[in-house]
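Engineer: Residue 128 in the working numbering sits at position 128 of the sequence shown, with consecutive numbering throughout. Note that the Cβ used here is the ideal one computed from N, Cα and C, for glycine as well. If you're wondering where the values come from, they're calculated on a predicted model, not measured in any experiment. Next up is a structure, given as structure tokens.
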Amino acid sequence: MIWFGSVYSIGIRLSVGDTQYEAQKIDSTLAAALAEAAPTEQLPVIVHLLEQADLSLRDLPEATLARRVAVVERLQETAVSTQSALLQELDALAGNGRVSQIRPFWIVNAIAVHADSIAVQALATRADVAVITLDEAVPLVAPLHPSLPNWAMPAAPTNGETTWG
Numbered sequence: 001m002i003w004f005g006s007v008y009s010i011g012i013r014l015s016v017g018d019t020q021y022e023a024q025k026i027d028s029t030l031a032a033a034l035a036e037a038a039p040t041e042q043l044p045v046i047v048h049l050l051e052q053a054d055l056s057l058r059d060l061p062e063a064t065l066a067r068r069v070a071v072v073e074r075l076q077e078t079a080v081s082t083q084s085a086l087l088q089e090l091d092a093l094a095g096n097g098r099v100s101q102i103r104p105f106w107i108v109n110a111i112a113v114h115a116d117s118i119a120v121q122a123l124a125t126r127a128d129v130a131v132i133t134l135d136e137a138v139p140l141v142a143p144l145h146p147s148l149p150n151w152a153m154p155a156a157p158t159n160g161e162t163t164w165g
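Okay, here's the thing in structure tokens:
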């Protein structure tokens, strides 16, 4: 059967008897990095959870401040309720030396972690995981022109002592 996530185009779920094989939960960039890494080398990854907070406007307050508070609360509640089982597994993997530097995020319902290839494969089999990506720096492109015009006037003598005393 074909399976699509709400935010991510995750891939195909193949069912064979009681066993499910997850395909394409590991991002291609991460898969390439894992192929080049040593088996025990830990790479920085982000494990995105499948369940995301429902932020539809129909359920949020009308007032701007109340809506902002409700959005933050909903994001945090979703993270707390959905990340606990994954965090327990990550703690167990940390005890085995497979993962380190576990850092949960509530704004995107994801967990950043350094993990080796065996841990990444284990995490990819979880039903609550949407996708696992490489946590890499995204270089910013400097603007070609300043975003604001230069309003500075050239320095001109003001004779300030006589003007302002």
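How long is the line joining the alpha carbons of Ile46 and Asp116, rounded to whole angstroms?
Structural biologist: If you number the sequence shown from 1, residue 46 lands on position 46. If you number the sequence shown from 1, residue 116 lands on position 116. Ile46 and Asp116 have their C-alpha atoms spaced approximately 13 Å apart.
Engineer: For Ala92, which residues in the same chain have their Cβ closer than 7 Å to its Cβ, ignoring the five residues on either side in sequence?
Structural biologist: Walking along the sequence shown from the start, residue 92 turns up at place 92. Excluding positions up to five away in sequence, the list is empty.
Engineer: Between Gln101 and the rest of its own chain, which residues show a CB-CB distance below 6 Å, the 5 nearest in sequence each way excluded?
Structural biologist: Numbered from its first residue, the sequence shown carries residue 101 at position 101. The answer, listed in chain order, is His114.
Engineer: Which residues in the same chain as Thr82 place their Cβ atom closer than 7 Å to its Cβ, once the five residues preceding and following it in sequence are excluded?
Structural biologist: Position 82 of the sequence shown, counting from 1, holds the residue named residue 82. Excluding positions up to five away in sequence, the list reads Leu49, Glu51, Asn109 and Asp128.
Engineer: What whole-angstrom Cβ distance do Val120 and Leu34 have, given they're in contact under 8 Å?
Structural biologist: If you number the sequence shown from 1, residue 120 lands on position 120. If you number the sequence shown from 1, residue 34 lands on position 34. Leu34 and Val120 do touch by the CB rule: their CB atoms are close to 6 Å apart, below 8 Å.
Engineer: Can you give, in chain order, each stretch of the beta strand (DSSP E) that sits fully within the segment 58-144 and has at least 3 residues?
Structural biologist: 99-105, 110-115 and 129-134
Engineer: Quick one: what does DSSP say Leu34 is sitting in, helix, strand or coil?
Structural biologist: Within the sequence shown, the letter at position 34 stands for residue 34. Residue state, collapsed to three classes: helix.
Engineer: Whole angstroms is fine: what's the gap from Gln42's alpha carbon to Pro104's?
Structural biologist: On the sequence shown, position 42 is the one that residue 42 refers to. On the sequence shown, position 104 is the one that residue 104 refers to. Near 17 Å, if we compare the C-alpha coordinates of Pro104 and Gln42.
Engineer: When you compare each of Ile107, Leu90, Ala63 and Asp27 to Leu75 by their alpha carbons, which one comes out closest?
Structural biologist: Start at 1 with the first residue of the sequence shown, and residue 75 comes out as number 75. Answer by Cα proximity: Ile107.
Engineer: Taking its Cβ as the centre, do 16 or more other Cβ atoms sit within 10 Å of Leu65, making it buried, or is it exposed?
Structural biologist: Indexing the sequence shown from 1 puts residue 65 at position 65. Exposed.
Engineer: Compute the beta-carbon to beta-carbon distance between Leu30 and Ile132, rounded to the nearest angstrom, for a pair I have assumed lies under 8 Å.
Structural biologist: For the purposes of this step, residue 30 is identified with residue 30 of the sequence shown, where counting begins at 1. For the purposes of this step, residue 132 is identified with residue 132 of the sequence shown, where counting begins at 1. Confirmed, about 6 Å.
Engineer: Please classify Glu51: does DSSP put it in a helix, a strand, or coil?
Structural biologist: Numbered from its first residue, the sequence shown carries residue 51 at position 51. Coil at Glu51, not helix or strand.
Engineer: Apart from the five residues just before and just after Ala94, which ones in its own chain have a Cβ nearer than 7 Å to its Cβ?
Structural biologist: Reading the sequence shown from its first residue, position 94 is the one you call residue 94. Correct list, in chain order: Ser100 and Ile102.
Engineer: Leaving out five residues before and five after Pro44 in sequence, what residues of the same chain have Cβ atoms less than 6 Å from its Cβ?
Structural biologist: Residue mapping note: residue 44 aligns to position 44 of the sequence shown, counting from 1. Non-local C-beta neighbours of Pro44 in its own chain, meaning closer than 6 Å and more than five positions away in sequence, comprise His114 and Asp135, ordered along the chain.
Engineer: Taking 7 Å as the threshold (C-beta atoms), are Ala37 and Thr78 in contact?
Structural biologist: On the sequence shown, residue 78 is found 78 positions in, with the first residue counted as 1. On the sequence shown, residue 37 is found 37 positions in, with the first residue counted as 1. In this structure, the beta-carbon distance from Thr78 to Ala37 does not fall below 7 Å.
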